[in-house]
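To start, the structure under review is shown below, and the notes come after it.
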Amino acid sequence: MKRFFRSLAIALILLGSAPGLFAQSRVPAWDSLNQEAMDLYRSGKYDRAVEVAKKALEVAQKNAGPQHLVVTGIMNNLAEIYFSQGEYTQAETLYKRSLAIREKTLGPEHPLVAGTLNNLALLNRTQGHYEQAETLLKRSLAICKRVLEPDNALLAGIMNNLAELYTLQGQYAQAEPLYKKSLAMRQKSLGKEHSLVAASLNNLADLRRSRGEYEQAETLYKQSLAMRQKNLGLNHPDVAASLNNLGRLYFIQGEYVQAETLYRQSLATYRKALGPDHPDVAASLNNLAELYRSQGQYSEAESLFKQSLAVYRKTLGPDHPDMAVSLNNLAELYRSQGQYAEAESRYKRSLAMREKALGPDHPDVAASLNNLAELYRSQDQNEKAEPLFKQSLAIYKKSLGSNHPFVAMSLENLALLYKAEDRTQEADGLAKQAKRIRSSKQ
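Going left to right, the sequence shown walks through residues -23 to -1, 1 to 419 as mature numbering (1 follows the signal peptide of the UniProt record, and there is no 0) numbers them.
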């Protein structure tokens, strides 16, 4: 799973941000509760983490006052947990409340204001609200540039997140210099072996992979993995993430034996570090299942997809968008075996979950529409497939822009449908549009 830079650490530091206020007493009760909530969150026990974080917030508001900075720190942490659960409305409300208090207390030009803007931006990014996310990240970045040292880690993190956003949108030329600058800043301020330097190398590798630059991506992934193993030990979740990402690179290139070895190492590491019931374990099971499906090992793949769904359901609930990923992939498995009714029901459930959680204009909704259309096209039900392909294309254009690789893919799929119906002129026109997009990304 992709990990984004959010200012959880800053929120925790905030609990000591009023020198002398509580210096004569023991550690405040809300501090211990907040730490307990974060420990539960990191171990994947989200429901319990919410309960404890709510209690921490209640105690802090009662004893420190509803407008105190320690309250905003706990608000940010509770929002983070809701965010991870896919409870985006609750997360947004808390982030905005925290932002308002921080702006009022500290003024609009404070690093903690920038940190909250960053968190709110990542929430918008996850929901597919890319323009809003870009605006918030740029505002956050501008504050940090004005009030922090030029190589500050927070500044580098926000710059990295803006690069992430551009990568998602296929704006690779804009992403690369930001990734490189963030990497250089982290190396200078934190040292060349720091875990955040490893994260920057990993993200730069993701960019190379997205552009099809597989050799460069492999080198960067291996650098990141080696640093994480050295600094964090062999059983850390970030090591598992690096193993997974390198495995993904090999999978894309059809190097299935190497991919399987790394996926299995990643899964074992996640289980050892986080326990069997964690969303990262579910994601790892899903990836291994996808590998088996691609090799025609359908029985093994089905078992793993179902395990992944069970873990997601237990940890995140039945309507989380991450669960929709495994459900979609299980549908792909059934389609590969010609079990079209089974595939259709799961595609539709995955689509409904994504529309509910992410809204109708999210790229993941477009992906679900495209996959359902592909199912109908494979059964020669072109009258059902065509409107879905068109809807998917429209969403991709709206959310990602007209020159994104996913737009090219969508154009190609619609062109294939037209070609099958002997609508040659329409098919050729769409194919040419797709070719222009792909050429521009070289």
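Where is the CB? At the ideal position from N, CA and C, for every residue including glycine.
Computed from a predicted structure; not experimentally measured.
> Does DSSP put residue 53 in a helix, in a strand, or in coil?
Replying inline: As a working note, residue 53 is residue 76 in the sequence shown. Helix at residue 53.
> Are residue 492 and residue 62 closer than 8 Å when you measure CB to CB?
Replying inline: Because the chain here runs from -23 to 419, residue 492 falls outside it and cannot be looked at.
> Can you tell which of 319, 153 and 263 has its C-alpha closest to the C-alpha of residue 299?
Replying inline: Against the sequence shown, residue 299 aligns to sequence position 322. Measuring from the Cα of residue 299, the nearest candidate turns out to be 263.
>> Whole angstroms are fine: how far does the CA of residue 137 sit from the CA of residue 173?
In response: Here residue 173 refers to the residue found at position 196 when the sequence shown is read from its first residue. Here residue 137 refers to the residue found at position 160 when the sequence shown is read from its first residue. Using only the alpha carbons, I get a separation of about 10 Å.
>> For a minimum of 4 consecutive residues, which ranges assigned as the alpha helix (DSSP H) are wholly contained in the region 135 to 168?
In response: Here the runs fully enclosed are 149 to 167.
> Less than 7 Å between the CB of residue 24 and some heavy atom of the ligand NAP, yes or no?
Replying inline: In the structure shown, the ligand NAP is absent, as is every other ligand, since no ligand is present at all.
>> Give me the residue from 277, 388, 372 and 109 with the minimum Cα distance to residue 342.
In response: By one-based count along the sequence shown, residue 342 stands at place 365. If we check each option's Cα against that of residue 342, 372 comes out closest.
>> Please tell me whether residue 72 and residue 53 are closer than 8 Å, where the distance is taken between their beta carbons.
In response: Locating residue 72 in the sequence shown gives position 95, where the first residue counts as 1. Locating residue 53 in the sequence shown gives position 76, where the first residue counts as 1. Yes.
> Which ranges does the alpha helix (DSSP H) cover as unbroken runs of at least 4 residues, wholly within the region 184 to 222, from first to last along the chain?
Replying inline: 191 to 209
>> Need the endpoints of the alpha helix (DSSP H) that residue 303 sits in, please.
In response: For the purposes of this step, residue 303 is taken as residue 326 along the sequence shown, with counting starting at 1. For residue 303, the enclosing alpha helix (DSSP H) stretches over residues 298 to 313.
> Between residue 168 and the rest of its own chain, which residues show a CB-CB distance below 8 Å, the 5 nearest in sequence each way excluded?
Replying inline: As a position in the sequence shown, residue 168 is number 191, starting the count at 1. If we look at residue 168 and ignore the five residues flanking it on each side, its Cβ neighbours are 174.
>> Can you tell me whether residue 88 is buried or exposed? The criterion is at least 16 other CB atoms within 10 Å of its CB, across all chains shown.
In response: Locating residue 88 in the sequence shown gives position 111, where the first residue counts as 1. Buried, by the Cβ-count rule.
> Any chance the region 152 to 167 sits against the region 123 to 135, with 3 or more Cβ pairs inside 8 Å?
Replying inline: yes
> Which of helix, strand or coil does DSSP assign to residue 20?
Replying inline: Residue 20 sits at position 43 when you count from the first residue of the sequence shown. The answer is coil: DSSP assigns residue 20 none of H, G, I, E or B.
>> Using a Cβ-Cβ cutoff of less than 6 Å, which residues in the same chain neighbour residue 270 once the five nearest sequence positions on both sides are dropped?
In response: The residue labelled residue 270 in the question sits at position 293 within the sequence shown. These residues qualify, in order along the chain: 278 and 310.
> Is it true that the region 327 to 336 meets the region 364 to 381, where meeting means three or more beta-carbon pairs spaced less than 8 Å apart?
Replying inline: No contact exists between the region 327 to 336 and the region 364 to 381.
> Taking all protein chains shown into account, do 16 or more other C-beta atoms lie within 10 angstroms of the C-beta of residue 85, making it buried, or fewer, making it exposed?
Replying inline: If you number the sequence shown from 1, residue 85 lands on position 108. Exposed: under 16 other Cβ atoms inside 10 Å.
> When the Cα atoms are used, what is the spatial distance from residue 194 to residue 106?
Replying inline: What you label residue 194 is simply residue 217 of the sequence shown in a count that begins at 1. What you label residue 106 is simply residue 129 of the sequence shown in a count that begins at 1. For residue 194 and residue 106, the gap between their C-alpha atoms comes out near 28 Å.
> With respect to the alpha helix (DSSP H) encompassing residue 79, which residues constitute its N-terminal and C-terminal limits?
Replying inline: Numbered from 1 along the sequence shown, position 102 holds the residue referred to as residue 79. Where residue 79 is concerned, the enclosing alpha helix (DSSP H) stretches over 65 to 83.
> Would a C-beta distance cut-off of 8 Å place residue 307 and residue 325 closer than the cut-off?
Replying inline: Residue mapping note: residue 307 aligns to position 330 of the sequence shown, counting from 1. Residue mapping note: residue 325 aligns to position 348 of the sequence shown, counting from 1. Their beta carbons are not under 8 Å apart, which means residue 307 does not touch residue 325 by this criterion.
>> What does the Cβ neighbour count give for residue 267, buried or exposed, with the cut at 16 atoms within 10 Å?
In response: Looking up residue 267 in the sequence shown gives position 290. When all chains shown are included, residue 267 counts as buried.
> Sorted by chain position, which residues of the same chain lie with C-beta nearer than 6 Å to residue 80's C-beta, five sequence neighbours on each side aside?
Replying inline: Mapped onto the sequence shown, residue 80 falls at position 103. Cβ neighbours of residue 80 beyond the five flanking positions: 90.
> Of all the alpha helix (DSSP H) runs that stay within the bounds of the region 329 to 360, which reach a length of 4 or more residues?
Replying inline: 340 to 355
>> For the pair the region 378 to 389 and the region 407 to 416, tell me if three or more CB-CB distances fall below 8 Å.
In response: yes
> Excluding the five sequence neighbours on either side, which residues of its own chain have a C-beta within less than 8 Å of the C-beta of residue 256, listed in chain order?
Replying inline: Position 279 of the sequence shown, counted from the first residue, corresponds to residue 256. The residues are -23, 21, 61, 288, 289, 292, 293 and 299.
> Rounded to the nearest angstrom, how far is the Cβ of residue 110 from that of residue 101, given a contact under 8 Å?
Replying inline: Position 133 of the sequence shown, counted from the first residue, corresponds to residue 110. Position 124 of the sequence shown, counted from the first residue, corresponds to residue 101. Confirmed, Cβ separation roughly 4 Å.
> Are the beta-carbon atoms of residue 11 and residue 26 separated by less than 8 Å?
Replying inline: Translated into the one-based positions of the sequence shown, residue 11 becomes position 34. Translated into the one-based positions of the sequence shown, residue 26 becomes position 49. No.
> Taking DSSP as the reference, what is the three-state secondary structure of residue 399?
Replying inline: On the sequence shown, residue 399 is found 422 positions in, with the first residue counted as 1. The answer is coil: DSSP assigns residue 399 none of H, G, I, E or B.
> Are the CB atoms of residue 322 and residue 331 nearer to each other than 8 Å?
Replying inline: The residue given as residue 322 occupies position 345 in the sequence shown. The residue given as residue 331 occupies position 354 in the sequence shown. Taking 8 Å as the Cβ cut-off, residue 322 and residue 331 do not qualify as a contacting pair.
> alpha helix (DSSP H) containing residue 97: first to last residue?
Replying inline: Residue numbering aside, residue 97 sits at position 120 when the sequence shown is read from its first letter. Here the alpha helix (DSSP H) through residue 97 covers 88 to 103.
>> Between residue 179 and residue 141, how many whole angstroms is the CB-CB distance? I'm expecting something under 8 Å.
In response: In the sequence shown, the residue the question calls residue 179 occupies position 202. In the sequence shown, the residue the question calls residue 141 occupies position 164. 11 Å between Cβ atoms; not a contact.
>> For residue 170, report the span of its alpha helix (DSSP H) as first-last.
In response: One-based indexing of the sequence shown puts residue 170 at position 193. First-last for residue 170: undefined, no H or E at that position.
> Quick one: Cα of residue 149 to Cα of residue 156, how far?
Replying inline: For the purposes of this step, residue 149 is taken as the residue at position 172 of the sequence shown. For the purposes of this step, residue 156 is taken as the residue at position 179 of the sequence shown. Approximately 10 Å between the Cα atoms of the pair.
> What is the rounded straight-line gap between the Cα of residue 377 and the Cα of residue 6?
Replying inline: The residue given as residue 377 occupies position 400 in the sequence shown. The residue given as residue 6 occupies position 29 in the sequence shown. In a straight line, the C-alpha of residue 377 is about 46 Å away from that of residue 6.
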